[in-house]
Amino acid sequence: MKAAVMRAPKAPLSIEDVTISKPGPREVLVRLKAIGVCHSDVHFWDGAFPAELPVILGHESAGIVEQVGSMVSAVKPGDHVISILSPFCGTCEYCLTGHMSVCHTVNREQFQRAPTEAPRLSIGKEKVGQFLNLSSFAEQILVHENTLCVVDKDMPLDRAALIGCGVITGVGSVFHSAQVEPGSTVAVIGCGGVGLAAINGAAIAGASRIIAVDLSDEKLQLAVRFGATEVINPSKGNAIEKVKEITKGGVHYSFECVGAKQTAEMAYHMLRPRGVATIIGMIQPGVNIEIPGIELLVTEKRLQGAVMGSNRFRIDFPRLVDLYKQGRLHLDDLISDRIGLDGITAAMQNLKDNKGSVARQVVVLS
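Heads up, the sequence shown is in my numbering, so the first residue is 64 and it goes up one at a time.
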């Protein structure tokens, strides 16, 4: 198969012929039709986070099941599926208490092949790293069955792919992690793909005020289409003071979708007493967040993280598909460009440069 291979940080990805193994027990081979380019891919491409090299990046994808291995019960050949980077085992403490999205961080080895087995991906005798259980910048993926969710065949796969990361991360953080209440007030910092999904989710949840915060006026204009009721550009004034002025004291919920110390602290300081700040962005290892400790006691403000929208993806994905079909989840407006595999490097550079017109760039395969 053809795949975009990363051999060094910041270097252009090379389109190479990669050997993909046959499905083993509980493994599924999927022919990909669409792959979203996410800012998380950029963090590994530019070296901010370590990656096993060579590696095939990519983790936001949808396609059609081609083959299944033994013991597979969740999918069958011909199914249309969305992938996710947070598979679940179904038997650990986190799965049994309804926190499936945490499972992959403590049971990572259950979703990978043992070191003694043939690798899933290789180029000649060279093993190729599988990124986040997926490696979606390719024509095919070979994954554990609990990485996939079947969706209706009439769902366009270029839009379905977005659900697998950016949308579930943003909308799921609103629905599950923060549990936004109808009539409450919300601030979303960062209006890229994840931030726009969080804004959309807050609108669906019935928030009365949704304040979008971003340095790009283009993205703020886009945020209004997704449900923002007010917009703030921090380069034109103190964003925290403006949020408190608009809401008469601060928001009930804030969402940080950038992945930086300054914006994480901003999300906390925008809260009213008993407010909840949810950190969604990928903050680099070694970076610490500073907040006034006494405030946690006297105001009962809360600061929390959310991985992949605290999802229950086999329940969530079909529901999000239904919301899209109803016209309430604005996936069409998320797609800013459709490209081929050879356009991925430029797409990641667009995200790194923070181009205001870019929401989600989608690789479309025949």
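A virtual CB, placed ideally from N, CA and C, is assigned to each residue, including glycine.
| Item | Value |
| --- | --- |
| Spatially closest choice to residue 405 from 206, 200, 380, 254, by CA coordinates | 200 |
| Residue range of the beta strand (DSSP E) that includes residue 408 | Residue 408 -> not in any beta strand (DSSP E); alpha helix (DSSP H) instead, spanning 407-415. |
| Three-state secondary structure assigned by DSSP to residue 370 | coil |
| Residue 390 versus residue 335: straight-line alpha-carbon distance, rounded | 32 Å |
| The alpha helix (DSSP H) enclosing residue 318, as first and last residue numbers | Where residue 318 is concerned, there is no enclosing alpha helix (DSSP H), although the beta strand (DSSP E) it sits in stretches over 314-319. |
| Cross-strand partners of residue 212 (DSSP beta bridge) | 145 |
| Same chain, Cβ closer than 7 Å to residue 268, neighbours up to 5 away in sequence not counted | 237, 238, 243, 245 |
| Spatially closest choice to residue 425 from 395, 418, 88, by CA coordinates | 395 |
| Residue 230 - DSSP class collapsed to helix/strand/coil | helix |
| Cβ-based burial, residue 222 [other Cβ within 10 Å; buried from 16] | buried |
| Pairwise C-alpha distance: residue 95 and residue 297 | 39 Å |
| At least three beta-carbon pairs within less than 8 Å, the segment 350-368 to the segment 284-293 | no |
| Inter-residue Cα distance where the pair is residue 188 and residue 203 | 19 Å |
| Minimum C-alpha distance to residue 220 - residue among 146, 205, 74 | 146 |
| Start-to-end residues for the alpha helix (DSSP H) that takes in residue 239 | Here residue 239 belongs to no alpha helix (DSSP H), and DSSP marks it neither H nor E. |
| Counted within 10 angstroms of its Cβ, other Cβ atoms place residue 367 as buried (16 or more) or exposed | exposed |
| Proximity of residue 127 and residue 110 at Cβ, strictly below 8 Å | no |
| Nonlocal neighbours in the same chain, by C-beta distance under 7 Å from residue 376, ignoring five residues either side | 147, 212, 231 |
| Segment limits, beta strand (DSSP E) that includes residue 65 | 65-68 |
| Coarse secondary structure for residue 175, derived from DSSP in three states | coil |
| The segment 251-268 contacting the segment 320-330, beta-carbon criterion three pairs below 8 Å | yes |
| Length of the line joining the Cα atoms of residue 206 and residue 259 | 29 Å |
| Buried/exposed call for residue 54, threshold 16 Cβ in 10 Å | In the structure as shown, the chain begins at 64 and stops at 429. Residue 54 is therefore absent and cannot be evaluated. |
| Segments of 3+ residues assigned as beta strand (DSSP E) that fall wholly inside the segment 73-121 | 77-80, 90-100 |
| 3-residue-minimum beta strand (DSSP E) runs that sit fully inside the segment 250-336, ordered along the chain | 272-276, 293-295, 314-319 |
| CB of residue 119 within 8 Å of CB of residue 181, strictly | no |
| Local conformation of residue 359 per DSSP, three classes | helix |
| contact_flag[the segment 307-318, the segment 406-422] where n(CB pairs < 8 Å) is 3 or more | no |
| Euclidean distance between Cα positions of residue 107 and residue 101 | 11 Å |
| Sheet register partners of residue 347 (DSSP bridge) | Answer is none; residue 347 lacks a bridge partner. |
| Beta bridge counterpart(s) of residue 418 as assigned by DSSP | DSSP, once it has assigned bridges, lists no residue as partnering residue 418. |
| Three-state class that DSSP yields for residue 400 in the structure shown | strand |
| First through last residue of the beta strand (DSSP E) which encompasses residue 167 | First-last for residue 167: 166-169, but that is the alpha helix (DSSP H), not the beta strand (DSSP E). |
| Cutoff 6 Å; reference residue 97; Cβ partners in own chain excluding five residues on either side | 125, 220, 221, 224, 425, 427 |
| Residue 196 classed as buried or exposed, judged by whether at least 16 other C-beta atoms fall within 10 angstroms | buried |
| DSSP three-state assignment for residue 202, whether helix, strand or coil | coil |
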